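Number of protein chains: 2
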Amino acid sequence: MGLTKSEIFTEEQNRLALLFKILAHPARIAILQYIIGQKACICNDLVEELGLAQATISQHLKELKSIGIIQGTIEGKSVCYCIDENVWKKIQADFNIFFNQEVKVNKCC
Amino acid sequence: MGLTKSEIFTEEQNRLALLFKILAHPARIAILQYIIGQKACICNDLVEELGLAQATISQHLKELKSIGIIQGTIEGKSVCYCIDENVWKKIQADFNIFFNQEVKVNKCC
DNA sequence: ATGATTTATCGTAATATTACGATGTTAAAT
DNA sequence: ATTTAACATCGTAATATTACGATAAATCAT
């Protein structure tokens, strides 16, 4: 028990759920908003900005990178993170495809 | 440790993360798609359709209800579930507001 | 070379999630 | 009044997530 039964769902359902899961944490939302707001690729500032430990921020960045929504570029001794515009748009498009499935017919309620 | 530090984030960030979290499970995606696909408010069928235990489905339905995206109406001895059109649209709008923040300027990457 | 800075990774404690059997609860059917 | 059907809830085992200190790795400054 306790293990999500991915094998009984479609690839699409698993993929969409995974995208939602990566975004399902306020720190990761905050990280994305901060990167966007700075119009630049900040990195260590996030630790000071958010008040979470460096290890924690690094872990969140790793998860965001795992779906490609951000990219990290090494610049000297620091790493510059930025949004991957294409992935960002693709995720938005996928969410909208899901939400546009909606039909206006309800047999009850 | 292990507890999300909600107090250090904005209400908006916490709310958005919560919405993503509720949708971050393939069973809940599948439930929503099934309800939409049937253009009706099914209930116990989900147990047979998805192959998860009745208690498990009931728990997922409870979570979906918690953000109002579905509604349950008692009809005799069964409960008919359907999408709440307004909440559905509101969530889609909130996601799009988030995704439309994107700026095209990247100082690195 | 040494020390400082920045980030990643490891290990782990605290907490949350997922799944399900067992057990209630309610309403229709007999 | 029983029985049956459909759900919800409780309790709990298995697993996942979150957070952080400690430590490693890489690079810059001295």
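Chains W and X are the protein sequences, given in the same order.
Under UniProt numbering, the final residue of the first sequence carries the number 109; numbering is consecutive throughout.
Under UniProt numbering, the final residue of the second sequence carries the number 109; numbering is consecutive throughout.
Glycine included, each C-beta is placed from N, C-alpha and C at the ideal position.
Computed from a prediction, not measured in an experiment: that's the story for all the values here.
I'd like to know if residue 11(X) contacts chain W, where contact means its C-beta is closer than 7 Å to some C-beta of that chain.
Counting from one through the second sequence, the residue named residue 11(X) turns up at place 11. So no, residue 11(X) is outside the interface.
Which bits of chain X does residue 59(W) rub up against, with CB to CB less than 8 Å?
Position 59 of the first sequence, counted from the first residue, corresponds to residue 59(W). Ordered by position in chain X, no residue passes the 8 Å Cβ test against residue 59(W), which lies about 12 Å from the chain.
Does the region 98 to 109 of chain W come within contact of the region 86 to 100 of chain X, defined as at least 3 CB pairs closer than 8 Å?
yes
Under a Cβ-count criterion, where at least 16 other Cβ atoms within 10 Å of its own Cβ denotes burial, should residue 3(W) be classed as buried or exposed?
To locate residue 3(W), count along the first sequence from 1; it is residue 3. Exposed, since its Cβ has fewer than 16 Cβ neighbours within 10 Å.
Give the residues of chain W in contact with residue 86(X), contact being defined as C-beta atoms less than 8 Å apart.
For the purposes of this step, residue 86(X) is taken as the residue at position 86 of the second sequence. Within 8 Å Cβ-Cβ: nothing; residue 86(X) doesn't reach chain W, min ~11 Å.
For residue 72(X), the first and last residue of its enclosing beta strand (DSSP E):
Locating residue 72(X) in the second sequence gives position 72, counting from the first residue. Here the beta strand (DSSP E) through residue 72(X) covers 70 to 75.
Using DSSP with H/G/I as helix, E/B as strand and the rest coil, what is residue 83(X)?
To locate residue 83(X), count along the second sequence from 1; it is residue 83. Of the three classes helix, strand and coil, the one that applies to residue 83(X) here is strand, per DSSP.
Residues of chain W with a CB under 8 Å from the CB of residue 54(X): which are they?
For the purposes of this step, residue 54(X) is identified with residue 54 of the second sequence, where counting begins at 1. Here the premise fails: no neighbours, minimum Cβ distance about 15 Å.
Best match in 43(X), 69(X), 52(X) and 86(X) for proximity to residue 76(X) [C-alpha to C-alpha]:
In the second sequence, counting from the first residue as 1, residue 76(X) sits at position 76. The residue with the shortest Cα to Cα distance from residue 76(X) is 43(X).
Below-7 Å beta-carbon distance, residue 68(W) vs any chain X residue
The residue given as residue 68(W) occupies position 68 in the first sequence. No, its Cβ sits nowhere closer than 7 Å to a Cβ of chain X.
In chain order, what residues of the same chain have a beta carbon less than 8 Å from the beta carbon of residue 35(W), not counting five sequence neighbours either side?
For the purposes of this step, residue 35(W) is taken as residue 35 along the first sequence, with counting starting at 1. Once the five neighbours on either side are set aside, the close Cβ partners of residue 35(W) are 41, 42, 70, 81, 82 and 83.
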